[in-house]
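Residue numbers (this note's numbering): -8 to 373.
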């Protein structure tokens, strides 16, 4: 069962499909293997490298896939021209080397240097992650597809304000309630009891991570090694700081930086969404199953995939699928939290303990996140 509600974009594709095919046909070791018009992606095989090259011609993103230690790794280039595509066809970027030939020809010298560093870090991380994978949870490397459906809601009319708990521009609050893994509680208390403003906090029950307005961050044991390596890699090279993070079970995560770059680990359907973004992401939530996620965009529109909780689905329907959301959270056991731009909040699937714990400040809640074993973090206004 599937349901979608898409707006048709009138903007022309960044790469002209006939030109892409023409370049490919002129190179004897490049062969087309698939084309998905609905996702605006055409794929080729480089028979001598070997590598698979995915061309997202609408956005100009090119992904080059190699096999590293029995896992498929993909290197992305954004905003590519037909000239850059031709270079990649002739010499696909490797996971152990990089040069300026894979850098977009747009932007000034400073922007190109930053992009070169960014790509270099991404490629080096592939080798580093291979060494770290031994220590990861065994589910980290699994690729699973469970039955489900997808829904998309693009920008529409916003809901009229009706006794809002807070407006969109107000603070998220400085008070927290949480129930977390015992050996992480003291760390989390110290993370939250500080002078810096807390920009973002996320948990999956095994680990918790906090981002500060100063650009700093802190995390407990149990946070994915891959996520930590992305943070530290940026810090070592004095690159823009993290601005948002979300974590889920099965080591899934999404990490965004102030320059708009992002890293993530998730299912194939999430990959399809991330490779064709046209609007910045406001929040991402990971659900109970591997392929369940919910994306809220900065303009209030949203998109979800997989088996979202029935209560959340009913609420979205009751609100006529309005594209006026601020954030959505999902938990591993059917928990959900929804916040609209007018400040109103809804939630469901909560344990009896959590319902009892939030009773005294339920009207001041601005955010909830959920983790394994009934763990949670709730943020609210004083």
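C-beta: ideal position from N, C-alpha, C; glycine also.
From a predicted model like this one, the values you see are computed outputs, not experimental measurements.
| Asked | Found |
| --- | --- |
| For residue 3, the three-state DSSP class (helix, strand or coil) | coil |
| Same chain only: Cβ atoms within 6 Å of residue 200, ignoring 5 sequence neighbours per side | 193, 210, 214, 236 |
| Beta bridge counterpart(s) of residue 246 as assigned by DSSP | 236, 254 |
| Residue 225, buried or exposed, once every other Cβ within 10 Å from all chains shown has been counted against 16 | buried |
| Cβ neighbours of residue 367 in the same chain (closer than 7 Å, five flanking residues each side left out) | 169, 170, 345, 359, 360, 361 |
| Proximity of residue 260 and residue 283 at Cβ, strictly below 7 Å | no |
| Bridge-paired residues (DSSP) for residue 35 | 23, 44 |
| Rounded straight-line distance, which links the Cα of residue 254 to that of residue 233 | 10 Å |
| Nearest-angstrom Cβ-Cβ length linking residue 79 and residue 55, presumed shorter than 8 Å | 6 Å |
| Residue nearest to residue 268 in terms of C-alpha spacing, selected from 70, 313, 10, 190 | 70 |
| Three CB pairs or more closer than 8 Å across the stretch 35 to 51 and the stretch 6 to 25 | yes |
| Cross-strand partners of residue 207 (DSSP beta bridge) | In the DSSP output, where bridge partners are listed per residue, residue 207 has none listed. |
| Inter-residue spacing [alpha-carbon to alpha-carbon] between residue 356 and residue 216 | 31 Å |
| Same chain, Cβ closer than 8 Å to residue 204, neighbours up to 5 away in sequence not counted | 187, 188, 189, 190 |
| Whole-Å CB distance - residue 264 paired with residue 294, under 8 Å assumed | 6 Å |
| Coil, strand or helix - residue 345 by DSSP | helix |
| Nearest candidate by alpha-carbon position, reference residue 26, set 42, 8, 231, 16 | 8 |
| Sheet register partners of residue 281 (DSSP bridge) | BP columns for residue 281 are empty, so no partner. |
| Alpha helix (DSSP H) segment containing residue 301, residue limits | 301 to 309 |
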